[in-house]
Structures are given as structure tokens and as C-alpha cells.
């Protein structure tokens, strides 16, 4: 039955479940989210209410649905030999049922037209109510339309949400035109993600100078990390460089034998684990700074 009820988030262009939503995404289905307090004139939420502010007439489905059980009851008591053309609403052919009961069982509307469809009066009233509320809301307080961000909003210009500007990095319409700080943060985040993905792609070909294997192609996840030396630019996997620096013999000088690079013999006191490799001095400094910022306790020697 829920598939016949219109999704209220889809009606506002903000349903994130898509085809997996348990409610209907078909405009011909009835949106069962009308605010009953608004109909009574006592809704305290106003434009912030999550339900629709629509005034239903007496000919709407609420009256028709309440009359259906009474019609069924009358038809069950109707005599089988009734003349053609005489239905349950004729009081002369229903014995034992009072006239008041028959009058109360008659539906208010007489039209056979479906009350809920894409061109119904309720849908028009919903769109008018949304447009009235949009004129009274600050544009900066309106959220981005999730459908428009993906490239296709079914409501178009009648959507109550903001259709964002195109982000040049991620290619989505997710830049809020009335929130400049949020725009800058999103653009900066997208650029950092793109830069990280580019470095990760280029790092796929880097081999360890000890085991001569591609670091990011090793069998276990723990080994798919680079061990960056603070004073050297040779590439090592973190497991190889740690095994090298962890081996010791009696009488061996630690600085010259263990802490030095196995290739160029430059002394490095620190090994920085990283899932990406650097190609410029600035990129190396950024990797080191990010690693230091993630440490729980600040190291007094890692300067």
C-alpha cells in the first residue's frame, strides 16, 4: 500500500533513496502528508512545517473514503429483488434503516472524476502554497535540491529548493548561489580530493627500492604504504624500511648503519607512513604536515 502513497521527500525534490524508496515517485499517486493542524488553523510551525499546508474541500477523498463503509453496509441490506436503477441511496427499498442514516451515508461529491491525479486541484494548491512560502523565505536558508545536483529535477522552476551552480571540479550543481562561504569550502574540498586522487594514480607505478615490488600492489593492506624518509627521496615500502631500521648487531653504529638510507646513506631520524608518494618538495612537506596533525600527542623531535 505504501507504493501508492506519494513520497513527501520526492514531492520536495529531496528524496535520496531513488528507486529503492518504499513510497511512490509517481505524481499520479496521492501525497498522504497533509497537515491536519493547518486545516484547523492551528499549525504552530508555519513555513517550517514538514507537512503540506493545503485546505481540503469536502469533496476530497477524506469524505469519500469515510462514506465507503456505509455504502457497503447499505448494499448488504438491500433486497435482491429490487427494481433496476434503485441503489443503496434509496430509502424506500432499505427496510430497518432510518432516513437520517441514509442521508448521512451519502457522499458529498457527485462527480465520478478521480480526486487525485497529476492535474488535480490539490496538486495545484500544493504548488501555489510552495510558491507563496518561497517568497517569504530567505534564499540563503533554502537547501540545495538533491535532484538538481544530480542533473535532473522533475519539478523544474516550481521546485521549492535551490538549484545550485555547477562545480567545475566535481561536475555537480551543488554550489549554493547565496552562501559564498559554503561555496568556497566545497570548491576547496573538491580540489583537494582531485589532487589526492591524481597523486594516488601516479603512485601506482612507484616501486620499493629494497623488494623491487610496487608498493600499492602488495598482497596485504598493511604493506600498501610508503615509508618516507625525512632526509631522503628514495622510495620504500613501510615494511621494508622498518625491517631495515629494526635489525641491529652488537657493536654496530645505529646512525651510520640503521638510520641511514639503504641507497644514498643519508641520515634520517624519522619514517613517515603514507598511502601516496610525492613528486615535489611541497607535496612532501604537505604529507609530513598532515601526518603530524593526526598524531594524538605532538612529537617534540619531529620538527
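Numbering (full-length UniProt numbering), first residue to last: 1 to 303.
Just so it is clear, CB atoms sit at the ideal spot from N, CA and C, and this is done for glycine as well.
Nothing here was measured: the structure is a model prediction, and the numbers come from that model.
Three-state class that DSSP yields for residue i in the structure shown
i: residue 241; result: helix
i: residue 86; result: Residue placement at residue 86 is flagged as unreliable, the pLDDT there being 45, under the threshold of 50; the coordinate-derived value follows with that caveat. Of the three classes helix, strand and coil, the one that applies to residue 86 here is coil, per DSSP.
i: residue 233; result: coil
i: residue 149; result: helix
i: residue 214; result: strand
i: residue 154; result: coil
i: residue 253; result: coil
i: residue 46; result: helix
i: residue 287; result: helix
i: residue 185; result: helix
i: residue 26; result: coil
i: residue 140; result: helix
i: residue 227; result: strand
i: residue 295; result: coil
i: residue 14; result: coil
i: residue 5; result: strand
i: residue 107; result: Per-residue confidence for residue 107 stands at a pLDDT of 46, beneath the threshold of 50, marking its modelled position as unreliable; the derived number appears in the next sentence. Residue 107 falls in the coil class under three-state DSSP.
Cβ shell of residue i (< 8 Å), same chain only, five flanking positions each side left out
i: residue 103; result: With a pLDDT of 46 at residue 103, under the threshold of 50, the predicted position of this residue should be treated as unreliable, and no value is reported.
i: residue 26; result: 6
i: residue 13; result: 145, 146, 147, 148, 153, 154, 155, 159, 160 and 161
i: residue 268; result: 229, 230, 231, 232, 259, 260 and 261
i: residue 151; result: 172 and 173
i: residue 307; result: With the chain represented from 1 up to 303, any question about residue 307 goes unanswered, as that position is not in the structure.
Whether residue i touches residue j by CB criterion (8 Å)
i: residue 272; j: residue 228; result: yes
i: residue 174; j: residue 163; result: no
i: residue 140; j: residue 172; result: no
i: residue 274; j: residue 225; result: yes
i: residue 208; j: residue 237; result: yes
i: residue 190; j: residue 169; result: yes
i: residue 305; j: residue 223; result: The structure shown does not extend to residue 305, since the chain spans only 1 to 303, so no value can be given for it.
i: residue 177; j: residue 165; result: yes
Own chain residues within Cβ distance below 7 Å of residue i, not counting five before or after
i: residue 305; result: It is not possible to answer for residue 305, since the shown part of the chain is limited to 1 through 303.
i: residue 278; result: 284 and 287
i: residue 194; result: 169
i: residue 266; result: 231, 232 and 260
i: residue 167; result: 174, 175, 186, 187 and 190
Cutoff 6 Å; reference residue i; Cβ partners in own chain excluding five residues on either side
i: residue 9; result: 15
i: residue 214; result: 207
i: residue 21; result: 7 and 15
i: residue 276; result: 199, 200 and 203
i: residue 43; result: 35, 37 and 49
i: residue 218; result: 224
i: residue 243; result: none
i: residue 182; result: 176
Residue range of the unbroken beta strand (DSSP E) whose run includes residue i
i: residue 173; result: 173 to 175
i: residue 273; result: 271 to 274
First through last residue of the alpha helix (DSSP H) which encompasses residue i
i: residue 11; result: 8 to 11
i: residue 36; result: 36 to 40
How do the region 232 to 242 and the region 177 to 186 stand: do at least 3 beta-carbon pairs fall below 8 Å, yes or no? no
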